[in-house]
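Here the sequence shown stands for residues 18 to 270, numbered as in our numbering.
Just so you know, even glycine gets a beta-carbon here, dropped at the ideal spot from N, CA and C.
What follows is a set of notes on a single structure, which appears directly below.
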Amino acid sequence: MLDDINRPPDSPTDYEMQRLQPSHKKPRTRSLDDDDSNASYDELVPFPSATTLGSNTSSNTNTTSKYHVSCLYNSCKAFYLFSIACLIAVATTLLIVYPTAPIYNICSDEMDWKSIVDGMASLKLQTNYQLLVSIYNPNYFSAEILSGTGTFQYDGAFVGTMNFGSLEGEKPVNIAANAVTDLLVTTTFSPDKWQIMELTAEYYEGKLEFVISSQSTIKVPAIDYTFTTKVEGMKIKIGSFGDRHLCACPLWG
């Protein structure tokens, strides 16, 4: 106590002197055979350095980015292929269901044409006749003939007209899908006397031929589509050699 009393105020104590002296204690060493049960967690599992953590983080980021890019590429590829398939399907469907013009044959037989020619030969001008026409509708939907007109030409000259389709105030003429429909067409022949003589002679010789031009307006109710079809310069041979493949009775006589 006396020493402490006589010690200057700023001088260290013996205890502090011991703390300031360097320690000669040897570091603790362990062999591989030592028991690690009492070892601390930090001694057994070293904490990774900042460099190691940065490397692992960068590797994970690159892997994730590559995965996202791959997913995006596969999605775009799948969408592209799907678009091409849809485009092909739509184009094929339009080609199949797009309306086309009907095909027709004049199916009046020998007796019908003989009465027409004999009527013209007797100089009955502006006489109306009924011609039997078979119309084939190649479309997948039924159609309606709203109106139709046409002309007959003989040897380059106009000799008659025809009207078909619905008349004013009447229902349109319906033609079934993928089927042949028969209808009567009203015709009017008005040749001059010289033309009458020529076409009468050619008829009995089996050489009579008309050139028909027509225009018709057709509606497809299923798709609410209306279109106009024209026939220009179609040759019709009158006789057993004419085209009658659509007629219910393909025989001339």
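Query raised in the report: Is V197 closer than 7 Å to L148 when the C-beta atoms are compared?
Result: no
Requested in this report: Using the Cα positions of I213 and D126, report the straight-line distance between them to the nearest angstrom.
Outcome: 20 Å
**Report entry** Limits of the unbroken alpha helix (DSSP H) element including T217
**Finding:** K210 to E222
Query raised in the report: When we look at the beta-carbon of T204 and count the other beta-carbons within 10 Å, is it buried (16 or more) or exposed?
Result: buried
Report task. May I ask you to verify whether the stretch 219 to 239 touches the stretch 152 to 168, counting CB pairs closer than 8 Å and requiring at least 3? Result -> yes
Query raised in the report: In or out: A160 buried (at least 16 other Cβ within 10 Å) or exposed?
Result: buried
Query raised in the report: Closest to S151 by CA distance: which of A239, D260, D199 and P267 is it?
Result: D199
Query - Between the CA atoms of D129 and D135 - distance to the nearest angstrom - result: 10 Å
Query raised in the report: How far does the alpha helix (DSSP H) with I253 in it reach, from first residue to last?
Result: Per DSSP, I253 belongs to no alpha helix (DSSP H); it is in the beta strand (DSSP E), Y242 to K254.
Requested in this report: Compare the Cα-Cα distances from V114 to each of N145, L89 and P155 and report the closest residue.
Outcome: P155
Query raised in the report: Nearest to T178 by alpha carbon, out of V190, S207 and K188?
Result: S207
Query raised in the report: Taking the alpha-carbon positions, what's the I253 to F99 distance?
Result: 50 Å
Query raised in the report: So, is C266 buried or exposed, given that buried needs 16 or more other C-beta atoms within 10 angstroms?
Result: exposed
Query raised in the report: Expressed to the nearest angstrom, what Euclidean distance is found between the alpha-carbon atoms of N191 and F244?
Result: 15 Å
Requested in this report: Pull up the DSSP beta-bridge partners for M179, would you.
Outcome: G167 and T204
Report task. Let me know the secondary structure DSSP gives S100 once reduced to three states. Result -> helix
Query raised in the report: Under three-state DSSP, which class holds K188?
Result: coil
Query - Rounded separation between F169 and V248 - CA only - result: 12 Å
Report task. Just tell me which of C103, W211 and Y242 has its CA closest to the CA of A174. Result -> W211
**Report entry** Euclidean distance between Cα positions of Y90 and P189
**Finding:** 56 Å
Query - Simplified DSSP assignment, three categories, for N122 - result: strand
Report task. Could you check how far apart the C-beta atoms of I101 and Y153 are, in whole angstroms? I think they sit under 8 Å. Result -> Going by Cβ atoms, the distance from I101 to Y153 rounds to 36 Å, so no, they are not a contact pair.
**Report entry** Whether I255 touches L216 by CB criterion (7 Å)
**Finding:** no
Query raised in the report: How about Y242 and A194: are their beta carbons less than 7 Å apart?
Result: no
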